[in-house]
Each structure stands twice: as structure tokens, then as C-alpha cells.
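Position 297 of the sequence shown, counting from 1, maps to 297 under full-length UniProt numbering, and the rest follow consecutively.
Even for Gly, the Cβ is constructed at its ideal location relative to N, Cα and C.
For reference, the structure discussed in these notes is given below.
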Amino acid sequence: MFSKQIKIYLLFSIQKFKLLISSFFSLFFINFSNNGIYNNNIKNIFILFILIINIKMVNSRSSPSSDTEILSQLLNRGYDWRVRPPGTNLSLDGDHGPVVVNINMLIRSISKIDDVNMEYSTQLTFREEWVDGRLAYGLPNDQKPDHIILTAGQQIWMPDTFFQNEKQARKHEIDKPNVLIRIHKDGRILYSVRISLVLSCPMFLQYYPMDVQTCLIDMASYAYTDTDIEYRWKEVQPVQLKQGLESSLPSFQLTNVSTGYCTSKTNTGTYSCLRTVLELRRQFSYYLLQLYIPSSMLVIVSWVSFWLDRTAVPARVTLGVTTLLTMTTQTSGINAKLPPVSYSKAIDIWCGACLAFIFSALLEFACVTYISSRMFYKRTRNNRVLARYRGEGRLLSVFNPQSQRPSICPGYEMPPNLLTHRPSLHYTPLTTQFMDDEIEEVWVRRADIPNSPPPPILKQKTLSSSDESLQRNSTKINNNDNKEYFNENKTSISLPSPPQQRRQHEREQSCLLIFGRRLPLIGRLIRRLEAEVDPAKRADYISRILFPLIFALFNMAYWFRYLKL
């Protein structure tokens, strides 16, 4: 570049020297041809006037007076815009190395960050600077303008820079093309353009919506390798941000901007590349108000069913199904704004947990209803048995032999110490067959059957002639206290002829079994039914504490996992 400027300066000097010589000879000729007509003062004034005119002519011929003339002189003296200029490294032979292109940019706006398509839109002012020695037109201290503006239709060589991750791009042309090409007198060229870009931004959404995304702006030459063009960042403020840009994004906050290099090697060569890294943190307040708080409220509302009576089936079913459908709709709306990815996101874990809590509340109601139904039928059977004795006054006659009501076991007396019998602590199931052929399993103590001494034998009353069909052969055994007991292993009952006598026999046999073994169980059964806590209510009581506790523990683990990022 400097050698070219020296050549231009020498050319101008030679032209001036020629004009001065011609002017000197013309004045000398005039001086000797006047024959003394004019005196010396007039001659001197005339010579000075001729010299000034010649100097003006030299300056007017040697340097253009306007930008248009300068450009015409530069572009019309063999300049070829299709050939790249030589480099600036004079120590290298040939083309003096690659053309160094210094880049800086002004980011005006960032908008429309699309999570589904993984792209974002930006508008920026892109600037490039390089040196083309063929376009140098003056020296630093001469009277020529410092720079000239290239007008439309005038072409010079420019780098073929493109954006590697660009999807769409356009230049702004309202109301004139927003392009600036400035040529300095030393051959330095500034190219500035305002463009809008849609750039791809691969996003990692594992921590969505508490994620930090890294978006790139990559620039490189499309055709020239690093032996022809070398891109460099401008040393001072390579990337500028419009004032207020960091906090003007709708759903993100620009936390950091950095620059780097991304030189890549392909089959066609090695290409110089520059990279701008934008760190965008997602605004969490929007998702807190629109997602986390509403979903938490839905979970809490689903717990209201634990305080409703289990018989309020329509209310509990409606509450559970409504909250479940609402949460499902909210989850679907969130996933519609996100791309389908193969990994689970933080929002997926939250929505899945909320759905699980709501569904568990609905499932708990189903279990409570089932348990309540089972207990209802079981209690109905037990009450049916007890009502038979209470309603007919037979239970009183069993416990009070002096009662005037007819005994359920005619012909047998109840020993006075039967009700005071106290069994041991071992339990075993027994089955009692009642008159209506119902089977009821009751848990009794093992001592109530053969392991403990059997209760005293019922004393047989005098039977009437109609009861002679009942013949009892019993064997008496003596214990250490010389008391008589009934040996049920040696008991046999002769069955009367059907049908009435058979029912009479079954009735007497049932009474024998009740009075012989199971009479204390009736009182125990009554006390158990009165003191028993409903398992269905117990399940609701436990759920009122267990569900909020588990949800609180889940929140602690969830927020500790993701907020620490």
C-alpha cells in the first residue's frame, strides 16, 4: 500500500516539475523579448502572476477536486473488483499474505426466541474493515478528503462473508438501502450494513423452564480459504449492544456476550471463522405464575376430598376427575410449546408428579369406597345375627336364666360361671352355624377351644315326651378339682326324623355349641362392633397428613435440585 502511495506522489511531483520548467522558460523568453519597454517592477509582477497561474494549473491537473473525480480516477485506471487485493504483510512475497478483515457488530434487538423450531431472530449492524491498496488516493497530511463514500453502481472488491447458522436473512432498504461503503485515503475500506437474521440455536431443555441457553452467531468466508482471507475481531468493542437490550427480551435475559474463533477445516480447505456467544437465561417469574402456582393449587384442591364424607360419591368423583382433567390440559398446553425431545425436562417431572398426586387422591377414594362397602356388608351380616337375639329377647334369656322369655335352648340350663370364663391370649378362627344356615367367621381365643378346660356341662332338665328323640350319651371325666366336664369327643346326638324333628335337632345342637364354647364371644363381638374404628375413615385420616407431607418433601427435593443451577 505504501509503495503505491509513493508512486502516486512521485507521479504528481514530476508533473508539477514539468509545468514549473515550462513556466520558467516562458517567462525567460518574455523577459528578453520586451526590448526594455517595461521597467523591472512591472516585469517582476508579471513573472509572479505567471508562476501563480502555473501552480494552480498543476494542482488542478494533478489532484481531483471532488469525490466523484477521485472515484472515477481510482476505478478507471485498471481497477478490477473481481480480484482480491494483496495483503498487508510486506515481508511475504507475492500477494503479501491474506487480506485481514476486522469485524465488529452492533446488536440492535433479539426477539422471537422459538423453542419449538430452536431458532431466534436478531437485528444487527454488521461492519467489516480491510485494506485495498489499489484504492489509496492520498497521503495522511495532504489536502485531499479523509474519506469518500462509494455510491450505488460503483463496485469494489468485498469479502464474501456469510453466517453459518443463518436460516433467513434480509437487508433493510427503507427508504434507501441501509448500506455504507467508505474509502479512506490510505486504502482502508469500511463496509457497514443493517440486516435482520433468523439464526438456528440448538437448545438443551433438560432444565426447562430454569434453563440457560447458549446461542451463536458464526461468520466465515464462503469461497476464500484462510490463505486468502483472515477474519479478526476488532480490538476495541468487537460486539456492541444497544442500550437496554439485556432486559428488553420478553422471556429471556441476556446475561453475557463473548467472542471467539471457530476456524473449521473441510474438504475444500481451512476457513477462518468468527463466533459470537450469547448466553440467555429464561425468565422464571412467568412460569411461576402461570404454571407452578396453578398446578400446586390443583393438587391441594384434590385433597379436599379427604375431608368429604365417603358417602358423598358424586362430590368426591367430580372433584377428583375435574382436577385431573385440568392438570392434563395444562400439561398438554405446555408440551405444545416445546419440541419433542428424548429426555425428560424439569417441567415434565413437575407435571408428572402433580398428576400422580391428583390421581392418587382419586384412587384413594376408590379404595375407601371399596373398603367401606366390604365393611358395610360385613357389619350387616354381624348385625343381622345380633338382631336375631336382641329383637326376640333371646340374648337376654341366654345371659339371664331367670328371664320369662322363652329360651333359645329349651331343656338346658346355663351354668352361672359360664359368663365369667376368661380365656387366654391366643386367637384362632372358628365357624359357627346358625339356624338360617349362615356362615360367620369369628376370631376367638384359642383357650376357648380344646387348649383350655372346657366350660361346665349344661345341666339337662327333665325332657318331655316330645323331646325323647334327643338322646345324649356323655362321658364324664374328672380333673384335679373333681369337677365334672363335658367331653365333646365322646358326644353323640341321635337325629330325629325330618323335617320338623331335624330342625329341632339342629337348633339344639347349635345351642349346645354356643353354650358349650362360644357364649363369651357374643359379648366380645358386641364390644368389638361398638369400639371398632372404620378402616375407610382411618384411610382418610392418614391421607390428610400423608399426602401434604409427601408433596412437601417432593418440593424440597425438586427445588433443591434445579434452583441450585
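One Cα belongs to Leu245, the other to Ser342, and the distance between them is close to 34 Å. Under DSSP, the beta-bridge partners assigned to Val131 are Arg188.
Taking Leu254 as reference, the option from Leu241, Leu216, Leu280 with the minimal CA-CA separation is Leu280. Spatial neighbours of Thr263 in its own chain (CB-CB distance under 6 Å, excluding positions within 5 residues in sequence) are listed in chain order as Ser272, Cys273. Between the alpha carbons of Leu199 and Ile550 lies a distance of about 44 Å. Shortest Cα-Cα distance from Asp160 to any of Ser196, Val101, Asp175, Gln123 involves Val101. In this structure, Trp350 is the residue among Leu546, Pro238, Trp350 with its C-alpha nearest to the C-alpha of Ile293. Under DSSP, Tyr120 shares a beta bridge with Leu199. Between Gly133 and Leu190, the alpha-carbon positions lie close to 14 Å from each other. Closest option to Arg275, judged by alpha-carbon separation, among Gln123, Leu216, Leu90, His96: Leu216.
For Gln143, the closest alpha carbon among the candidates Ser543, Ser91, Lys185 is that of Lys185. With a threshold of 16 other beta carbon atoms within 10 Å, Gln213 meets it and is buried. Contact between the stretch 174–188 and the stretch 315–327 is absent: fewer than 3 CB-CB pairs across the two stretches fall below 8 Å.
Residue range 229–233 is occupied by the beta strand (DSSP E) that includes Ile229. 8 Å or more divides the Cβ of Ala353 from the Cβ of Tyr207. With fewer than 16 other Cβ atoms inside 10 Å of its own Cβ, Leu363 counts as exposed.
Distance between Gly87 and Ser196, taken at the CA atoms: about 31 Å. Counting C-beta pairs with one atom in each stretch, the stretch 296–309 and the stretch 535–544 have three or more that are closer than 8 Å, which means they touch.
Fully enclosed alpha helix (DSSP H) runs of no fewer than 4 residues occupy 284–287, 293–302 of the stretch 245–313, in order along the chain. Rounded to the nearest whole angstrom, the C-alpha separation of Gln154 and Lys337 is 48 Å. Apart from sequence neighbours up to five positions away, the residues of its chain that approach Asp228 with a beta-carbon distance below 8 Å are Arg84, Pro98, Val99, Ser221, ordered along the chain. For the pair Thr225 and Gly269, the CB atoms are nearer than the 8 Å cut-off. DSSP places Ile103 in the uninterrupted beta strand (DSSP E) bounded by 99–114. Within a 10 Å sphere around the beta-carbon of Leu553 sit fewer than 16 other beta-carbons, which makes this residue exposed. Ranked by Cα distance from Arg127, the first of Ile545, Ser285, Trp233 is Trp233. Per DSSP, reduced to three states, the secondary structure at Met556 is helical. No Cβ-Cβ contact shorter than 8 Å links Val301 with Thr328.
Residue burial is scored here from C-beta neighbours: Tyr120 has at least 16 other C-beta atoms within 10 angstroms and is therefore classed as buried. Secondary structure at Thr161: strand, using DSSP grouped into helix, strand and coil. It is roughly 31 Å from the alpha-carbon of Gln283 to the alpha-carbon of Val236. Distance between Arg170 and Leu205, taken at the CA atoms: about 30 Å. Scanning its chain for C-beta atoms nearer than 7 Å, with the 5 sequence neighbours on each side dropped, one finds around Asn89 the residues His96, Gly97, in chain order.
Secondary structure at Phe126: strand, using DSSP grouped into helix, strand and coil. With fewer than 16 other beta carbons inside 10 angstroms of its own, Asn76 counts as exposed. Excluding residues up to 5 positions away in sequence, Asn178, Arg194, Ile195, Ser196 lie with their Cβ nearer than 8 Å to the Cβ of His172 in the same chain.
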